[in-house]
Every structure is written in C-alpha cells, then in structure tokens.
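Chains A and B supply the protein sequences, listed in that same order.
Counting from 1, position 273 in the first sequence corresponds to residue 273 in UniProt numbering; the numbering is continuous, with no gaps.
Counting from 1, position 140 in the second sequence corresponds to residue 140 in UniProt numbering; the numbering is continuous, with no gaps.
Protein chains: 2
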Amino acid sequence: MSVTSFDVARLAGVSQATVSRALRDMRGTSEATRRRVREAARQLGYVPRQTARSLATSRTRRIGVVIGELGNPFYAALLDPLIARLHERGYLAVVVHDDDVSELDCEPLLDGSLDGAVLATVRAGSAAPEELGRRGVPFVLVNREQAGKWGDVSVADNRAGATLAAELLLGLGHRRIGMIGGPPDTSTARARTEAFRDALAAAGVALSPGLVVHGAFDLATGSDGFDRLMGAPRPPTAIFCANDVLAIGALHRARSSGVDVPSQVSVVGFDDIPLASLAQIGLTTVSADLRTMAVTAVDLLLERLADPALGQRRVLHAATLVRRATHAAAP
Amino acid sequence: MSVTSFDVARLAGVSQATVSRALRDMRGTSEATRRRVREAARQLGYVPRQTARSLATSRTRRIGVVIGELGNPFYAALLDPLIARLHERGYLAVVVHDDDVSELDCEPLLDGSLDGAVLATVRAGSAAPEELGRRGVPFVLVNREQAGKWGDVSVADNRAGATLAAELLLGLGHRRIGMIGGPPDTSTARARTEAFRDALAAAGVALSPGLVVHGAFDLATGSDGFDRLMGAPRPPTAIFCANDVLAIGALHRARSSGVDVPSQVSVVGFDDIPLASLAQIGLTTVSADLRTMAVTAVDLLLERLADPALGQRRVLHAATLVRRATHAAAP
DNA sequence: GTGAAAGCGCTAACAT
DNA sequence: ATGTTAGCGCTTTCAC
C-alpha cells in the first residue's frame, strides 16, 4: 500500500528497526545514520502510521473530551481552551458528544483509542466516571464534579462565587430576590443554588420557593424563567441565574417584554463566558476563569498519564465578581 | 494486559476468529454461538481494541476537523453541527486546531489515524488540500474553498448573498456605503467583497477605497474598522461586514462610542450565526445556513469514503436575507 | 551502534 | 459454521 518504515530502511540501507529508532532520535543511533534515514524518509514522504504505533505502545496521544452541544456558548467557551491546551502539549482532542439527556455511550472511551478523557458534563447519576475508573482509563472532571474515588477535578469555587453574588445584591438593598437555577443533578447548579440560599439566609433574607425556577442550562430556560418570576404576584427586584447562558436568556426576554434591566430588575450570572462581556450584553457575573479551569484540567490529566501513582487531586478555582451593567440598587 | 478476544474465545469455548465474527454479526456464525460469545464478552467486559482493528482494516471511523479558534463564535457555530452529524453517522470528530496564521501541521491528517478530513479554514496559499489529495486522503472543504483537483466543496453562495445585502442597502437609499472585509486570502472575504462592489457598481454607486477596511474575521477588526470608517471625512451611512463576527464587533464599538444603529448608520453582516439573533444584537444579516452547510460537508465526505470513484462535487448553498434591527433608511 | 525477531490485538483469506 | 494462519506497521527486547 503506502510507504512504510521498511521502504525507508531499504532506501537508507539500514534495517527497519534502525529507521524506527533514528526517526525518534533515540540514543544508540549514530548521527550519520540518523541523517541518512531522515533523508530517505523525506524523499519518500514517509509518515509513521499512528495506528501501528499505538498498537505497539498502547499510547495514542489523543484525549477524549466529553462535552455537550457546542451551540451552547458555555460549552464552546470551555472547549476552546481545552483544545488549545491539548494542542500545545502535543495531544489531539477527540470530541465525544454528550447530549446531556440520553446515557453516554462509553465505548469510544474504553476501546484503547484514547490515552485519557476530560469529562465536562457529568451529572449525579453518570456512570462514566465509575466505568473509566474501574477500567483504569485516566480522566479528569472539569466544570462539574461527582463524588467518586477516581479522577482528578478542576472546578470553580461555586459556593464562594454564589456568595459573592448574594452579597452584591444584598448590598444593593435587594430583599425580594429570585433565582433561575440549572439542572439539580449537576454539581454546579446545586452548589450555586445552595450557597446563594445560605448567603441570603445569613442576612435574614429568604429565597422564596415561589421565586425559584429550575431547568436546563439554556437560553429558553432563562427566558421562560424570567417570565415566570416577573409574572409572580410580587416579582423580584433581582434575579441570580445559575449560569450566564440562563442570564442571557433572561435579558433577552426582559428586552422583548419591555422590562428594563437594571432599573426595574437586576440580573446576575455565573461563569463570565466571552459573550457576557459584549457591549450589548454587559452582564454582571461571577467569573470562574474558564480558561484556567480548562488548562488546569488538561495539566492534571497529563500529569497523571506521566505518573499514574499520583493521588487524586481536586483544584478549586477562585471566583471573582465582575461588575458590568445589569445590576443596580433596589428600586 | 486487559481482556482480549482470546480471553472471550477461551470462555466461550470457540476460536478467537469466531469471536471476531460473532461480535460483528457476520454471516457464517450460528445464532447459538453468537449468543455464547456475546455472553462471554459481556461477562468479561470485553471492548475490542480500536487501534488493533484500525491496523488490520485501515479504517478508523474518525474524521479530522481542521478549524480555527473556537473562541470565535463563527467556528463554534460551524463545529457544532459538524460534530453532531459525524456522531449521527457513527464517526468521531478529531479536532485539529488551525490558528489561521502559522502553517498547519498536516501530519495528524496523514498518519493513517483518520478516514478523512473536513477543512474549514483553507486560505489561498494553504498546502493541505494538495497534500491530502496527493496522498489519497479524502477530504471536503466547508465554508471556505480553494481551487484544486481534489476534495468536495460545501460553501454558501457568497456572491448571491453579498448582492442581497447590496440591494437591501441601495433600496433603503444608502449611497455612501462602507465595508469591513475579511482576510483577502479567504474565498469568503473575496467573493463577498467583490460581489458587493459589483452590485453597487451596477447601481452606479462606488465602493470608495477609503471606505473599505480589511483584517481578520474577529471582533477587534470589526470594532477598529467601525472606528476607521466613522472617522472618515465623510462617514458612510451604511456598513456591510464580510461576516457576523465583524458586524458584532462594529455594533460593540457603535454602542460604546454613542453612535446609534440603525438611525445613524446601518450595519449588515453575513452568516447568521446564532449570536446574531439574540435580542440584544438583532443583527440584519445574510443567512448562509451554517447547519445545512456542515451537514452537507459531512455527507459529501462520507459518500466519498463509501465510493472513492465519485467525481469531485461542489454544493453551493442559497443565501437569504434576514431582516432584523440594524438596518434603516439612509438619514 | 545496529540487526533479527517477537509481539501488540485485531481482521480476513483459506481450510475444513 | 468454525478453526488455522498470515498479516497490518510499528516498538522493543535481545544478540552481536
């Protein structure tokens, strides 16, 4: 078929094994033969077959990235630095689409075609971490986490972040506060909702059940949630959204229904995705530093590949408040 | 190491070859043994090694997707349906990052680890198409194209789209019109700019060189371009942007510099990325139907894998005008 | 420093 | 219908 290391060997007048060694600059090959081999390889346009190499070494230099719909700007914002970092460190990203509703098919992660995996969409009931752990596939959880004895973790300090949001709104004099939460089986939605509720409670403010809605982390949930909250008998003067996508959905509906933000109602998000900083949006939000979170996840995983004996690690990224244009004092 | 088809064979009391056949439901295996083999495989948690399979068959069920920074919402909007479609058809996407400035490293596309490639970022001088073509790696160009004797093509009808934009603005009475173009070595920027210029000329309106700026397809170029155009001695009353990202950058600057769109200046984009339809943006643009373009690209490629003798094909997707809130009659 | 040879775990052609 | 055997194209001992 196409050109193999045997062809290169023949042209260079050496054995196939020497070609293999020379091309990988292994010690135990003279500079002279290296040059001859390299020249022969160049002449023939030889590219080592990765599949053969993988079969022989059990390493593929490919990492699986399990992530949701990229139409969701949050996932796009997360995937970007993941891919960039993997690329920098000499790995290719194999994207495994997880629609976040049907159970993930783990087989592509277990068939030996990957050196490890980055899981960005685990839920409370996800089987993948347990499955990968038992089979010895190294992985890291990013963004969302799940208790378990395997896998490193790189997540935002969601509790601290939600507390910052609560303190901002309380400081602005808000007392009737609503929340648009995410899926309760995600660690992010859970931690953010609970910490926000706790922080309000600490100030003697209740997060009234009638002013809390839940749904998927998407624009529609944000829009509909905004409607529901503002349609309540006594609507809130501020809304905390469990992530930016929800918040942007809420702002969308605010605009189309003639509610002014922030004079009538404040809106605060979480994540600080790139969209949030667009002039037209100017969302006040909690920054989780997505880029650092992603880079850390990749680094944790690659360190583990280098040293499988490493203990389980969990990196919590500090959250900071980003004040833009969607918050104001309570009316 | 881990469990192989030999282990399954031993447990099921058959030969390894029979395991291979049974698990793939090949004709020439009795239903009884299939059941036994499947049961043994289940018991052992056997997953066929993809690398071994690939080495034996020269097929990997993986497609490379060469694409730019996903921080750019256009690429995210394009990658989403590409991945989804590949997934639907049983393929995994291996994302090969192309930073759009340094020369792409083709090796991952040539090392036999991919059945084919989708190229989304070709430029006039890109070597990849020629390289892949010569080596017999099937590929498809999506979004941007390049002349050449290999590879199928799935692109928008950029000329027709730009003509629609010109007609819209002319119809609104604009005569002093500016343009923010993209990189001149991309087929999209080129076709859109030229067709726009031609359409204006046909109406006796000149696209004055002083009112045309070029740059990368990013927000910064849109912002800076807007500044430059509006700072001209006689600023335009309408600006056509070669894509939505540029247009959103322009809108961003318009807002922060107190220029009202569309009463003072109209802005029209191209692509209709999801962002364009956000209420806060409401960009009037030309829809290229990204999703269909992506799905078509994948289908063209997979058809070619099934039948390599197929002639070269080029699918042009109709462009339509999407009227939102950034266009108005000339002041 | 280099060559010979034995795998890696499958698929597929060839027997039976 | 099933077993035997020969690859696929590398990496990696083990000799020399």
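Backbone N, C-alpha and C fix where the C-beta goes; we use that ideal spot for every residue, glycine too.
| query | Going by the CB atoms, is the gap between V245/B and P73/B shorter than 8 angstroms? | reply | yes
| task | Counting only the same chain and skipping the five closest in sequence on each side, list residues whose C-beta sits under 7 angstroms from that of S15/B. | result | A9
| message | Taking the alpha-carbon of V3/B as reference, which of R314/A, G136/A, R190/A has the nearest alpha-carbon? | response | G136/A
| query | Which residues share a DSSP beta bridge with H214/B? | reply | In the DSSP output, where bridge partners are listed per residue, H214/B has none listed.
| message | Rounding to the nearest angstrom, what Cα-Cα distance links L305/A and V95/B in this structure? | response | 21 angstroms
| field | Neighbour flag for A76/A against chain B, beta carbons, 8 angstroms | value | yes
| query | Ordered along the chain, which non-local residues of its own chain (more than five positions away) have a Cβ less than 6 angstroms from that of H252/B? | reply | S223
| message | Quick check on the DSSP output: the alpha helix (DSSP H) that includes M293/B runs from which residue to which? | response | 290-306
| With T60/A and L114/A assumed to form a contact (beta carbons below 8 angstroms), what rounded beta-carbon distance in angstroms separates them? | 6 angstroms
| query | Mind checking L300/B: buried by the 16 CB within 10 Å criterion, or exposed? | reply | buried
| query | Going along the stretch 85-102 of chain B in order, which residues come within less than 8 angstroms of chain A, judged by CB to CB distance? | reply | H87, L92, A93, V94, V95, V96, H97
| residue 332/B, enclosing beta strand (DSSP E) - first and last residue | Not covered by the structure: residue 332/B. The range shown for chain B is 1 to 331.
| task | Could you spell out where the beta strand (DSSP E) holding S266/B opens and where it closes? | result | 266-271
| Contact with chain A by Q312/B, beta-carbon distance below 8 angstroms | no
| task | Starting from the C-beta of D218/A, find all residues in its chain whose C-beta is less than 8 angstroms away, skip the five residues before and the five after it, and write them out in chain order. | result | N72, V245, L246, G249
| Helix, strand or coil: which one does DSSP assign to H87/B? | helix
| request: Determine the contact status of S5/B and S20/B, defining contact as a CB-CB distance below 8 angstroms. | output: yes
| For the candidate residues L170/A, G68/A, Y91/A, whose alpha-carbon lies nearest to that of V101/A? | G68/A
| said: My parser needs the alpha helix (DSSP H) runs of 4 or more residues fully inside the stretch 215-270 of chain B; what are they? | reply: 219-230, 244-256
| task | Would you mind reading off the limits of the alpha helix (DSSP H) that contains R62/A? | result | Unbroken run through R62/A is the beta strand (DSSP E), 62-67; no alpha helix (DSSP H).
| message | Give the list of continuous beta strand (DSSP E) stretches no shorter than 3 residues that lie fully inside the stretch 91-130 of chain B. | response | 92-97, 116-119
| request: Using three-state DSSP, classify G178/A as helix, strand or coil. | output: strand
| query | Taking C-beta to C-beta, are L82/B and V66/B nearer than 8 angstroms? | reply | no
| request: Report buried or exposed for Q43/B, applying the criterion of at least 16 other Cβ atoms within 10 angstroms of its Cβ. | output: exposed
| query | For V286/A and chain B, any beta-carbon pair shorter than 8 angstroms? | reply | no
| query | If we count the other Cβ atoms within 10 Å of its Cβ and call it buried at 16 or more, is residue 345/A buried or exposed? | reply | With chain A running from 1 to 331 in the structure shown, residue 345/A is simply not present.
| task | Mark L55/B as exposed unless 16 or more other C-beta atoms lie within 10 angstroms of its C-beta, in which case mark it buried. | result | buried
| task | Note down, in chain order, all residues in the stretch 250-261 of chain A with a beta-carbon under 9 angstroms from any beta-carbon belonging to chain B. | result | L251, H252, R253, A254, R255, S256
| field | Nearest neighbour of H317/B, chosen from G173/B, D289/B, R190/B [CA to CA] | value | D289/B
| message | Spatial neighbours of P184/A within its chain, please: C-beta separation below 7 angstroms, excluding the five flanking residues on both sides. | response | R190, H214
| Taking buried to mean at least 16 other C-beta atoms within 10 Å of its own C-beta, is D25/B buried or exposed? | exposed
| request: Note down the Cα distance separating F139/B from R324/B, rounded to an integer number of angstroms. | output: 36 angstroms
| message | What would DSSP say about S15/A, mapped onto helix, strand or coil? | response | coil
| Of the choices R176/A, E39/A, D272/A, V261/A, whose alpha-carbon is the least far from that of A328/A? | V261/A
| message | Output needed in chain order: residues of the stretch 43-56 of chain B with a Cβ under 7 angstroms from some Cβ in chain A. | response | V47, P48, R49, Q50, T51, A52, S54, L55
| task | Answer yes or no: do I180/A and C241/A have a C-beta to C-beta separation smaller than 8 angstroms? | result | yes
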